[in-house]
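Notes follow once the structure below has been shown.
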Amino acid sequence: MIPITERFLSDAGGWQALKQARALHQMGRVIAAKYEPPLLEGSVREGEQEFRSGLKILTASNVENLCTCRESRLRGVICAHSLAVGLEIINPRQGAVAPAGGKSFSGVLGGVSRGPSTPSVPAGERPKFYLQVEGSLNYLTAKLDAEYSTGKTTMTGHRRYAHPAEEAAMERLQKAGFAEPDAKGEMVLKGEPKILAFFAGELPRLQRDWEVTLGARFDYVTRDIERVEPKLQIRGSGENWFDLSLELSASSGEQFSAAEIQRLLQSGQSSTKLKNKKVAVFDPLALEQLQQALTESNPQQRQPGMYRVSSAHAGYLDTLAREQGTRVHADARWNSWTETLRDITRLPAMPLGDLEEVLRGYQKTGVYWLQFLATHGLAGIIADEMGLGKTVQALAFLRALGGRALIVCPSSLVFNWAREAARFTPERKVLAIVGEGRTKLFGPPLEQAELVITSYPLLRRDVERYRDWEFAAAVLDEAQHIKNPDSQNAQAACALRAKNRFLLTGTPIENSLKDLWSLMHFLMPGYLGSAKDFRERYERDIQNDPLGATSKRLLQRIRPFVLRRTKRAVATELPEKIEQVSYCELTSRQKDVYAELVKATRRTLSDLAGGKDQGKARIAMLTALLRLRQACCDLRLLGQDDIESEQASAKIELLRELLAEAVDGGHRVLIFSQFVSMLTLLREALTEDEIPYCYLDGSTKDRAAEVDRFQAGETPAFLISLKAGGVGLNLTAADTVIHFDPWWNPAVEAQATDRAHRIGQQKVVTAYKLIARDTVEEKILALQQKKRALVDATIESEQPLMDGLSLDEIQEMLT
């Protein structure tokens, strides 16, 4: 049995959802709650609505949301309603929780809310639906039954939904025009226009999904009615195009032109007389959606009823046709194409060379996916969760693609990309176009390069120089940097000349649908129409109803070009703990100060050379090392408070990038530093970025309160002094650890990481070390590897690793 705790709820739904759940719970909106593993069940009232909520908890990492709310049904997320039910179990109000061994959950629920009861259904079982329809063309009745293994029950007005599918089924009927069921379960639809529209549209779709029985009377009155059904004829035309024709015909074979149907739609009619004296009816909504999809696909009309569309629109058109039940007669090329877009396990494999043994299974799939899109002239977004290796997937793909590629990333990540390229694709010539003398790189150096890396700020400044160069591919990391189409970042990126374009982001695309136009405009200009088209087709409706039909349509349009995997989804391929080193380059001001410190250190070493007082020499060297390490973190640690924060610390900018991606992705983060004064500066940065945090150093009086706040999910970040929080804490609510500065003894760092990676942790923990390039920090890492045997031998010791080093080795780090 998995115990219900606030930490478990935070892990399941994220700290933001838990925060909303607390508000619901504190306001007394949880009407009832019961936990009988694996089912957590309850009822939550929000506004005028009451939701049947809860979770099916199979394991700590396999949790299914059972809530009937719209967000849960459309997005599949674990919502605040279900988490509020869990909070009720932890801290019950009077009478809201069913007592163990007491009366049934449905009885408790009914007693508290004084509303209709909810039947008990087998855990996790989806119902099968049976619909009975009877009546005339003026008055139609329907009755819906839901069948479980325990039996069949009629959906009445006095019955609560036992499963989210029941509510969805009732919504379908009510959208078709039926009134709510009465006490006997009878629903009524009145008026010939509505009944004909139901017969033409929703009824055939219900017959596809449910067991539908038509009464003898209704069957008789509809004998002389024929449905006009659309049919798509599709065949390949050229490498990346399809020819598509839309046919509209009644079941007798009589055909209609699109213009005829359009005239009927515009006149408000949904039926017409056939030559055989029967009545033809059609579904206005389905035809409008199909026509809208064709319009949005920017077709080239070849002749009346015949269109040519780019293969980019194939996935969307196929999805819509399947949902509507539209008949599709397509050639093998279309079928193969759309099946691969729907099911990435069908992607053709490709040779990966020495990376075959390095890449995990899901990473290979990512490379195959990128290659598939590139082969067919398309673009895409790798939106894997933070820590799953988007960089190595991009590098493996670019190597297989060949030619010169351009990487654009935040300034703080330029040298991280260079390091990863040297690690995974060392045979490729890498050129980082950065620095004051970079203009001379736009010549033979760029001509000879195979992988070019630059930053967004420098791309803006150098955009005119890049116009002279064409790339086999352009990959933009941290795609949110071009979400504003009017920004210089976005305009400079769109000006690049690249045969293939891809984006990387760790943020779920659904978080910012209104920003999608800018991303897709970079990837595939025109795919979502012009900016004006996008505002009219999508943005206005999405602002009014973020979870409505327009949002769903937009997600359907972009889904073929977005690949997102979460750690939970690929957990079987991951180790329990992932460790990564993230590099940054010092700012120009940091470089100047660092160089002066190095000069001063060399003078000190020269003065001490040949001296007999090794103790004095050691102290002098350790002091010099301390100052160099502080310069790597932030110049303000050296008392240089007059420096702007952007020039004072490159690491803070790197941290901000990592933290923004982590928080947007719903992660919980521990941030360690050995310098308390550095933590103070980080507090200022997080406050400026409006990221809530907990804080702990040696002076914190109520350590337990801060730990409890974080474990309860109140904040996504926890700033911790390495000395004060490196041992003795259990912080398993976190799944991400960031070491802002490296510690001499890697055993101490490991102990800090293990605050999150402890017994009871159900998530994969990702630990990042932030390292300044070409500084003493790199030498510390190298020395840690060299002295690994020493570290292992003294693993329980918290004494600095420096105590086990000779003066020569210390001096080596200082030179």
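Sequential numbering from 868 applies to the sequence shown in my numbering.
Where is the CB? At the ideal position from N, CA and C, for every residue including glycine.
- Between the segment 1216 to 1227 and the segment 1191 to 1208 there are fewer than three C-beta pairs closer than 8 Å, too few to call the two in contact.
- The beta carbon of D1110 is closer than 6 Å to those of R1102, S1104, R1175 in its chain, skipping five residues each way along the sequence.
- Closest in C-alpha terms to E1121, from the list K1144, Y1560, G1393, comes K1144.
- The Cβ atoms of A1083 and M1054 lie no closer than 8 Å to each other.
- The residue from D1459, L1589, D1556, E1014 with its alpha-carbon nearest to that of P1609 is L1589.
- Contact between the segment 1517 to 1529 and the segment 1271 to 1284 is present: three or more C-beta pairs spanning the two stretches fall below 8 Å.
- Between E1047 and T935, the C-beta spacing is not below 8 Å.
- The beta strand (DSSP E) runs lying completely inside the segment 1249 to 1336 and spanning 3 residues or more are 1272 to 1276, 1297 to 1299, 1318 to 1322, given in chain order.
- About 17 Å separates the Cβ atoms of S877 and G921, ruling out a contact at the 8 Å cut-off.
- Judged by DSSP secondary structure, P1097 falls within the beta strand (DSSP E) whose first and last residues are 1092 to 1103.
- DSSP places C1500 in the helix class (H, G or I) of the three-state scheme.
- Going by beta carbons, L1268 and N1367 fall inside the 8 Å limit.
- Within its own chain, the residues whose Cβ lies closer than 6 Å to the Cβ of T1433, once the five positions on either side in sequence are excluded, are E1252, listed in chain order.
- If you draw a straight line from the Cα of Q1159 to the Cα of G1068, it is about 17 Å long.
- Looking only at I956, A1515, E1551, V1604, the smallest Cα-Cα distance to L1525 is reached by V1604.
- Pairing F1369 with L1208 gives a Cβ-Cβ distance that is not under 8 Å.
- Assigned with DSSP and collapsed to three states, L1245 falls in coil, not helix or strand.
- The DSSP-derived three-state label of I898 is strand.
- For E1059, the closest alpha carbon among the candidates E1557, D1049, F1045 is that of F1045.
- DSSP places W1204 within a helical segment (H, G or I) once states are collapsed to three.
- Here G1233 is buried: its Cβ has 16 or more other Cβ atoms, across all protein chains shown, within 10 Å.
- For A1013, the beta-bridge partners assigned by DSSP are F996, T1020.
- Counting along the chain, no alpha helix (DSSP H) covers Q1507, and no H or E run does either.
- For I1248 and K1419, the gap between their C-alpha atoms comes out near 18 Å.
- About 13 Å separates the beta carbon of V1319 from that of L1343, a gap too long to meet the 8 Å contact definition.
- Its Cα nearest to that of E1644, the residue L1495 stands out among L1495, S1116, P1392.
- Counting other Cβ atoms within 10 Å of its Cβ, M1387 reaches 16 or more and is therefore classed as buried.
- Taking a 10 Å sphere around the C-beta of R1130, we find fewer than 16 other C-beta atoms and assign the residue as exposed.
- Ranked by Cα distance from R1456, the first of E931, G1302, I1587 is G1302.
- A buried status is given to K1257, since no fewer than 16 other beta-carbon atoms sit within 10 Å of its beta-carbon.
- Note that the C-beta distance between A1117 and A1153 is not below 8 Å.
- Within the model, the alpha-carbon separation for V1275 versus E1513 is close to 20 Å.
- For W1108, the beta-bridge partners assigned by DSSP are S1177.
- DSSP places N1367 within a strand segment (E or B) once states are collapsed to three.
- Taking 8 Å as the cut-off, the beta carbon of M1680 is found no closer than this to the beta carbon of L1422.
- In this structure, the beta-carbon distance from R1094 to F1149 falls below 8 Å.
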